[in-house]
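Peer 1:
Residue numbers (UniProt numbering): 1 to 1057.
(1) Near residue 602, which residues of its chain fall below 6 Å by C-beta distance, leaving aside the five closest residues on each side in sequence?
(2) The alpha helix (DSSP H) with residue 619 in it runs from where to where?
(3) Check whether the Cβ atoms of residue 660 and residue 360 lie closer than 8 Å to each other.
(4) If you follow the beta strand (DSSP E) that residue 501 is part of, which residue opens it and which one closes it?
(5) For the 8 Å Cβ check, are there 3 or more pairs between the stretch 81–96 and the stretch 118–125?
(6) Along the chain, where does the beta strand (DSSP E) that runs through residue 413 open and close?
(7) Round the Cβ separation of residue 375 and residue 403 to the nearest angstrom and send it over; I've been treating them as touching at under 8 Å.
(8) Confirm, please, whether the CB-CB distance from residue 855 to residue 68 is below 8 Å.
(9) Beta-carbon separation of residue 386 and residue 365 under 8 Å?
(10) Could you work out which residue in 573, 541, 555 and 604 is closest to residue 582 when comparing CA atoms only?
(11) Leaving out five residues before and five after residue 750 in sequence, what residues of the same chain have Cβ atoms less than 6 Å from its Cβ?
(12) Can you give the Cα-Cα distance for residue 25 and residue 251, rounded to whole angstroms?
(13) By how many angstroms is the C-alpha of residue 813 removed from the C-alpha of residue 624?
(14) Can you grab the Cα-Cα spacing for the pair residue 841 / residue 58, in whole Å?
(15) Just to confirm the assignment, what range does the alpha helix (DSSP H) spanning residue 482 have?
(16) Can you list, in chain order, the residues of its chain with a C-beta nearer than 8 Å to that of residue 253? Leave out the 5 residues immediately preceding and following it.
(17) For residue 884, does the count of other Cβ atoms within 10 angstroms reach 16, so buried, or fall short, so exposed?
(18) Is residue 964 buried or exposed, if buried means 16 or more other CB atoms sit within 10 Å of its CB?
(19) Rounding to the nearest angstrom, what Cα-Cα distance links residue 817 and residue 744 in this structure?
(20) Suppose the cutoff is 7 Å on Cβ atoms and the five residues either side in sequence are ignored; what does the same chain contact list for residue 890 look like?
(21) Name the residue from 161, 116, 451 and 118 whose alpha carbon lies nearest to the alpha carbon of residue 137.
(22) Kindly indicate which three-state DSSP category residue 587 falls into: helix, strand or coil?
(23) Straight-line CA distance for residue 962 to residue 631?
(24) Contact between the stretch 515–532 and the stretch 448–468: three or more CB pairs below 8 Å?
(25) Between which residues of its own chain and residue 545 is the CB-CB distance below 7 Å, once the five residues before and five after are set aside?
(26) For the beta strand (DSSP E) that residue 161 lies in, which residues bound it at each end?
(27) Quick check on residue 742: does DSSP put it in helix, strand or coil?
(28) Within 10 angstroms of its Cβ, does residue 38 collect 16 or more other Cβ (buried), or is it exposed?
(29) Where DSSP assigns a beta bridge to residue 602, which residues make up the other side?
(30) Report yes if the C-beta distance between residue 1060 and residue 945 is below 8 Å; otherwise report no.
(31) Kindly indicate which three-state DSSP category residue 60 falls into: helix, strand or coil?
(32) Assuming residue 1074 and residue 533 form a contact by the criterion Cβ under 8 Å, report the distance between their Cβ atoms to the nearest whole angstrom.
(33) From residue 747 to residue 168, what distance separates their C-alpha atoms?
(34) In this structure, does DSSP put residue 325 in helix, strand or coil?
(35) Of the choices 330, 195 and 876, whose alpha-carbon is the least far from that of residue 317?
(36) Which whole-angstrom value describes the C-beta separation of residue 801 and residue 815, a residue pair presumed to lie in contact below a C-beta threshold of 8 Å?
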């Protein structure tokens, strides 16, 4: 390959771009040349094998989720790469994926995440990946909606060397708790990229904008790693340029072909596929329809789109999409109604004639929030049941008038039961017909047990089919009920019309017979109860059925009237149970119960008996089965003296009796190759932490040092001030906690666990079998979520083991159990300055047995573990240089004086060793400043020593300091070596004096020969010797300033006289 050493800027500032950049014409037709396919959402769990679903995908219409892959090694993802994938219309989320070290191999060309669907307001989420070292999404240039959340990835570098605001300008970007910047490589100023024509070119990495609010902040570059810059395009072609900064067609987003700028990787706006060619367009052609905010479909393609997974519960059609007004959509635009074409039976949107008929499904209205779905509905395709048991009076009626006023027809039945707040049915002001195509026990209209109902509707309502029943409405006059008969169709009548005056319009007391009852089966969210059938009526046909009342009962002190007065909206939940004459016992299932909650219930009969005879059970109590505990809250790790403390708060809901909390701590192996790729003598450690028991050493590597003192236990005024400030800020004030930030972090973690671990309610065995047998991906937007042979419920937790590091005091893993919300460990059990992953989960006791009742305990007894990564503190003496290992040898020769310094590094340093600093100076001179030389660890490992050159005769003090990723250690006590003045020095000085004298005589003679030449004085000083190119060596100050006496031209290292 031929290297072209041309520097091309990729910064946003267009003034830094070269004049060779060409902007394509706006009307130039653009294409996508990739042969990839359009795929649907992909959910990968438990094994990397499911990544094969992304094979050959160019676009994923929906989301990509990779999560809960925790039993795989570093080579598990080596065989997976998807270079064709350039676009995700929804979001990309990774959660707890072990063994994955970079996303660069998986998605090397991912260019845009559009964010049409978001994961809790984020389009890119990388959360709790223990082994990932770099993101590597080098082609990602645009996130059009939503933010970025990259958190709790202890080995992930270069998260803060990306300008996320440039990539995702319209979302919140949350980058927290990743690898320490001191253990990562720095960004290069330029890199060499390979071009499609086989050549290479050097490009300059863009500069980060310096924050002027931060004092003395250094300028730095933007990069994904030390080999890849972050790409930024010129201002006149934003987010659309080649690797070398040449502008692409305005229809392109991201990169394009360097040979043809209209061959795009991704279309900026929309695209359509015609004759296997993908064209980029600013809007869809007239005969096509926009789908998923990116693709243009024909009418036929729109009709073939499968229903999305998110709407699978409320959409009955398998192919519900309709082409209308330029979009392929699930619902009709305003002013249109959904109908079926006469011949093809395809769905279509047609303009309404007058007001639109809006068809809605039937439903049971039990709250104001529920009925909001019926706003604007005119036709109820099904039945409507109103059971507003909460009180609210005028407010409830007002909401009913706003929502239900538009209903004109009900095709099923209408039931109004135990709606205590209703005084009138006038909110059905436009109701005209109840068709009765679906009946409830041969009834099309049931008005039962409405204690305050006084009026029906004011208009005429036709009832086409079925009978009418009014019962137990003590405030409703019988004549208002019978007035409805004039609009009954043939065959419609009022059941038990002669008995209306017995239960309507009057308050009637009933004779009650006790019925025996008990629960037969209990699980965490439902219970089956059983009671004796009521058989005491002379005519059993007058038994209407049973009513079951149940309520949460923390204490066994419930009465029959709890929650049933006119002033309390919290009361009994009520279920109707039909009477089956043949059965000796009646059964009913209580649903939507909370786990591990005590309930009270009782059953009563509803009859039309003239004797007013009825039956009722006593109040009976039961407790539901335990559930899976929620995650523990507010997990924290901190140090108190020599003790490591893990604390947390109990779960929001335990769903059982606490058995124990399980705590585990695992040492993360920090095999960070990036440390060896960084020259820490050039790229210094950022903000090294001072050791609390060591005077702060303000000399930093490769910078001018302050005056040093021989007394190592003393500090200068400036050093002491700095040390005292840092001590006060670190110890007295304590860590500053942002309450809002903590709440947001907890909220996101709660959402993520609930989202990931809740089992899909719509999955079925048949569906899983079908998907596993097909082996292929169906076209369209069929979301592949919850893949085959994958369970999404929490798995059984395992006990954490104690595993000690051989021949060491610390442990690689620790485990413990407790019934408290706090656990302490000796700090000595943990490796110093190392990252540990702490996991805590809550476990409950098994379900208690109840005589005669089947109690099911089918869910996990332990909740989902919460993970927190924590770096242990430094060990004070760990970075000390062994004083006995320091050896000073005089290696001087006939040209210069040299000291060879040998030493051994700390055996168990705080973090990884990155460099050494050697501070040396002459002690026989008062005003000579120390010189600091930096030596990288790699150089010291290879040579085992360093050479101090350009020295003068005298007594030298040498001290050595180790620098680790934790910061600078202390300087060692000084070692001394005296360089003697040799006799050859006097001989050399004598010969130099003779040589200078001869030169001066010759110079004077030449001047006398040329008397016409003016006498000029040479005021230039002598140049100092060239620095040693193999070391970074500095002097802290010069003895002579530029305006000092010119007669004294000694080297700074030469002895004073």
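Ideal Cβ positions, reconstructed from N, Cα and C, are used throughout, including at glycine.
Peer 2: Once the coordinates are examined:
(1) 549, 617 and 619
(2) From DSSP, residue 619 is part of no alpha helix (DSSP H); its letter is neither H nor E.
(3) no
(4) Run containing residue 501: none in the beta strand (DSSP E); it sits in the alpha helix (DSSP H), 500–503.
(5) yes
(6) No beta strand (DSSP E) contains residue 413, which DSSP labels as neither H nor E.
(7) 5 Å
(8) no
(9) yes
(10) Measuring from the Cα of residue 582, the nearest candidate turns out to be 541.
(11) none
(12) Here the model assigns residue 25 a pLDDT of 40, short of 50, so the residue's position is not dependable and the matter cannot be decided.
(13) 37 Å
(14) So the two alpha carbons sit approximately 40 Å from each other.
(15) 478–482
(16) 111, 112, 141, 142, 239, 240, 264, 265, 266, 267 and 268
(17) Label assigned to residue 884: exposed.
(18) buried
(19) 29 Å
(20) 899, 977 and 979
(21) 161
(22) strand
(23) Each residue's alpha carbon lies about 43 Å from the other.
(24) no
(25) 576, 577, 578, 579 and 606
(26) From DSSP, residue 161 is part of no beta strand (DSSP E); its letter is neither H nor E.
(27) helix
(28) buried
(29) 549
(30) Residue 1060 falls outside the range modelled here, since the chain spans only 1 to 1057, and no answer is possible.
(31) strand
(32) Past the edges of the chain, shown from 1 to 1057, lies residue 1074, and the structure says nothing about it.
(33) 22 Å
(34) coil
(35) The option with the nearest alpha carbon to residue 317 is 330.
(36) 6 Å
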